[in-house]
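One structure below.
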Amino acid sequence: MATSRFWLISNPLPKSSTSCNKDLNGGYGTWDKIGNNFISKIIGRLKKRNIKLPVLCLSYIQKLLEDRNINCFYSEDFYETLKIISKKKIEYVVIYGSIICCDYENKLIEEIKKLKRTKVIVVGTFPTKFPEKFQSADHIICGEPESFFINWSGKIEDISKESRLIKSDNLTDLDYLPLPKYLKHKAKKFSYRPMLKNPTGFIEASRGCPYSCGYYCTYGENQGKLIRAHSPERLVSIMKELKKIYNFKSFQFRDPVFGLQKNFIEKFCYEIKKANINFEWGMETRIDLLNEDIISKMSKAGLKSINIGIETPDENIAKGNKRKLCSEDKQRKLINFAYSKKIRINAFYIIGLENDNYESCINTINYALSLNTYMARFGVCTPYPGTGYYSDLKSDSRIINNQLSSYNQQELVFNHKNLNNKQIKTLIQKAYFKYYFRPKIIFKIIKQRLSK
Ligand code: SF4
Numbered sequence: 011m012a013t014s015r016f017w018l019i020s021n022p023l024p025k026s027s028t029s030c031n032k033d034l035n036g037g038y039g040t041w042d043k044i045g046n047n048f049i050s051k052i053i054g055r056l057k058k059r060n061i062k063l064p065v066l067c068l069s070y071i072q073k074l075l076e077d078r079n080i081n082c083f084y085s086e087d088f089y090e091t092l093k094i095i096s097k098k099k100i101e102y103v104v105i106y107g108s109i110i111c112c113d114y115e116n117k118l119i120e121e122i123k124k125l126k127r128t129k130v131i132v133v134g135t136f137p138t139k140f141p142e143k144f145q146s147a148d149h150i151i152c153g154e155p156e157s158f159f160i161n162w163s164g165k166i167e168d169i170s171k172e173s174r175l176i177k178s179d180n181l182t183d184l185d186y187l188p189l190p191k192y193l194k195h196k197a198k199k200f201s202y203r204p205m206l207k208n209p210t211g212f213i214e215a216s217r218g219c220p221y222s223c224g225y226y227c228t229y230g231e232n233q234g235k236l237i238r239a240h241s242p243e244r245l246v247s248i249m250k251e252l253k254k255i256y257n258f259k260s261f262q263f264r265d266p267v268f269g270l271q272k273n274f275i276e277k278f279c280y281e282i283k284k285a286n287i288n289f290e291w292g293m294e295t296r297i298d299l300l301n302e303d304i305i306s307k308m309s310k311a312g313l314k315s316i317n318i319g320i321e322t323p324d325e326n327i328a329k330g331n332k333r334k335l336c337s338e339d340k341q342r343k344l345i346n347f348a349y350s351k352k353i354r355i356n357a358f359y360i361i362g363l364e365n366d367n368y369e370s371c372i373n374t375i376n377y378a379l380s381l382n383t384y385m386a387r388f389g390v391c392t393p394y395p396g397t398g399y400y401s402d403l404k405s406d407s408r409i410i411n412n413q414l415s416s417y418n419q420q421e422l423v424f425n426h427k428n429l430n431n432k433q434i435k436t437l438i439q440k441a442y443f444k445y446y447f448r449p450k451i452i453f454k455i456i457k458q459r460l461s462k
């Protein structure tokens with residue numbers, strides 16, 4: 011049915027040569043500004059070219075709006091957003107708020123307000139925790155915005171009568187979510203290379219993480235400890251449908267920890283087999299949740315890539331950061347087993363954890379080299395506002411940088427006991443250089459790209 015109602019969904023991305031993805035890091039976003047030297051710039055550019063993912067909640071909101079017979083525009087450009095508002099009668103603009111681009115998003119909101127043509131709703135995990143950072147917005151949805159739109163009548167007056175801060179509960183069952191909706195030309199560019207084939211569909215099987223490292227991790231803090239999931243049947247039907255519409259060649263799960271629900275992995279693999287579908291997929295998990303049997307089952311169901319957070323090889327440092335480590339032997343054994351099944355591993359490490367010193371960081375880099383996973387990511391320890399870790403440092407007056415865009419996992423924003431910003435930058439650049447500028451890694455990546 012034709013409709014004259016229009017909304018605009020805006021996810022303004024700054025023009026930059028490095029990769030800015032707002033869905034990552036528990037929805038706070040990451041911006042890979044690794045460094046200013048030649049090598050860091052190359053790595054930053056490669057990441058921008060190869061990692062491109064949508065903000066999932068915006069794609070659900072778009073579908074929920076369209077189901078209410080509302081036409082949606084979508085833009086990732088600051089000026090295009092303003093142009094659409096100037097030309098069309100837009101009822102509301104939904105803007106995603108992140109920590110890394112908070113200033114940029116606010117600048118856009120202010121420009122929109124100057125036009126006096128529409129109202130602005132801000133959504134996201136960062137505005138949920140810090141709505142006061144988005145002063146010019148008409149409404150801020152605090153909580154999971156999808157549940158607000160699922161329950162919304164579709165009438166404008168039912169939004170206008172809400173207070174400025176709209177409280178929205180977390181979904182209890184992800185099967186209530188619709189199919190995510192994308193612009194086809196954008197979906198064509200979704201990428202998680204070189205871990206998976208292009209284009210990649212980004213989906214989620216579950217939300218929530220119960221582990222104690224939620225002390226410093228935004229996923230645990232923002233999604234809560236309770237696991238909420240899709241049923242395996244619905245998940246497989248979503249994957250089939252998305253493949254049909256967008257021609258995705260692979261899927262990457264955005265769950266903080268994939269398969270935490272009892273027997274989920276077995277049921278999911280069974281459903282994939284039953285549906286007789288063939289696509290590659292990747293997920294993120296904790297290595298202590300894996301065993302050879304589970305890896306074999308997932309491999310038979312198309313698993314090609316695993317992200318694992320190793321953070322540090324040092325048990326005492328891990329403990330001091332409320333992180334439980336998997337034994338080194340088990341890590342090596344499972345990583346080698348995954349390789350025997352042709353599964354690529356991307357390991358994440360943190361430089362500058364509490365109690366780290368220069369030597370322990372060098373040990374982390376050497377450990378990464380010895381594990382020799384397919385890819386590795388090195389991030390600077392970042393106390394994110396909203397986490398227990400940030401609160402502890404704040405009360406000890408150790409937060410030294412309040413510029414929100416610096417909370418990007420590439421800069422030291424707190425007073426570290428043993429390391430300064432210069433040392434941290436040197437360590438991160440050293441880590442990337444030592445890891446990626448080895449002939450066998452370069453050869454491995456080229457070989458995989460050529461085999462596509
Ligand atoms: S297990 Fe992973 S996702 Fe969960 S709180 Fe710890 S670091 Fe975050």
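Heads up: the sequence shown begins at 11 in the working numbering, then just goes up one per residue. From the three backbone atoms N, C-alpha and C, an ideal C-beta is built for every residue, glycine too.
Terminal residues of the beta strand (DSSP E) in which residue i lies
| i | result |
| --- | --- |
| Q271 | No beta strand (DSSP E) contains Q271, which DSSP labels as neither H nor E. |
| T210 | 210-213 |
| L18 | 16-20 |
| C82 | 81-85 |
| K129 | 129-133 |
Straight-line gap, residue i to residue j (C-alpha atoms, nearest Å)
| i | j | result |
| --- | --- | --- |
| K196 | F289 | 20 Å |
| K177 | E156 | 12 Å |
| K454 | R387 | 17 Å |
| Q419 | T138 | 21 Å |
| I94 | T295 | 41 Å |
| E321 | E167 | 48 Å |
| K352 | L206 | 12 Å |
| N21 | F136 | 14 Å |
| L381 | Y349 | 12 Å |
| I44 | R15 | 43 Å |
| K129 | R238 | 32 Å |
| K98 | K250 | 35 Å |
| G398 | Y225 | 5 Å |
| K283 | L270 | 20 Å |
| F219 | N180 | Note on residue identity: the sequence assigns Cys, not Phe, to residue 219. One C-alpha to the other measures close to 14 Å. |
| W162 | R448 | 54 Å |
| F48 | R55 | 11 Å |
| K277 | G396 | 35 Å |
| S29 | S415 | 13 Å |
| N317 | F261 | 13 Å |
| S170 | A147 | 13 Å |
| R174 | S309 | 48 Å |
| N331 | I119 | 37 Å |
| K444 | L18 | 44 Å |
| Y229 | L429 | 26 Å |
| E154 | Q233 | 9 Å |
| Q145 | P242 | 41 Å |
| Y417 | I452 | 30 Å |
Where the alpha helix (DSSP H) containing residue i begins and where it ends
| i | result |
| --- | --- |
| R59 | 48-60 |
| K7 | The structure shown does not extend to residue 7, since the chain spans only 11 to 462, so no value can be given for it. |
| Y186 | From DSSP, Y186 is part of no alpha helix (DSSP H); its letter is neither H nor E. |
| P468 | Residue numbering for the chain in the displayed model covers 11 to 462; residue 468 lies beyond these limits and cannot be assessed. |
| K207 | Neither: K207 is in no alpha helix (DSSP H) and is coded neither H nor E. |
| K93 | 88-97 |
| C223 | Looking at the DSSP string, C223 is not in any alpha helix (DSSP H), and its letter there is neither H nor E. |
| C67 | 66-77 |
| S170 | 167-170 |
| I463 | For residue 463 there is no data in the structure shown, the boundaries of the chain being 11 and 462. |
| K194 | 194-197 |
Paired residues, beta bridge with residue i - DSSP
| i | result |
| --- | --- |
| W291 | F261, L313 |
| L175 | I150 |
| T40 | N31 |
| M385 | N356 |
| F424 | I409 |
| S216 | A239 |
| V104 | I19, I131 |
| V390 | I361 |
| S349 | Looking at the sequence itself, residue 349 is Tyr, so the reference to Ser does not match. Bridge partners of Y349: none, in fact. |
| Y114 | Partner(s): none; Y114 has no beta bridge. |
| G230 | Its beta-bridge partners do not exist; DSSP assigns none. |
| I451 | In the DSSP output, where bridge partners are listed per residue, I451 has none listed. |
| I318 | T295, A357 |
| Y202 | I61 |
Do the stretch 376-383 and the stretch 397-413 touch if we need at least three Cβ pairs shorter than 8 Å?
Not touching, per the Cβ criterion.
Is the stretch 277-288 close to the stretch 330-343, with three or more CB pairs under 8 Å?
Verdict: no, contact absent.
Of all residues in the structure, which have a C-beta closer than 6 Å to any heavy atom of ligand 1, taken in chain order?
Those satisfying the condition are, in chain order, C219, Y221, C223, G224, C227, Y229, G230, P266, V267, R296, G319.
Take every Cβ of the stretch 355-368, pair it with every Cβ of the stretch 96-116, and state whether three or more of those distances are shorter than 8 Å.
Here the stretch 355-368 makes no contact with the stretch 96-116; the two share fewer than three CB pairs at distances below 8 Å.
Evaluate the contact criterion for the stretch 70-77 versus the stretch 54-62: three or more CB pairs, one atom per stretch, below 8 Å.
Cβ pair count under 8 Å is below three, so no.
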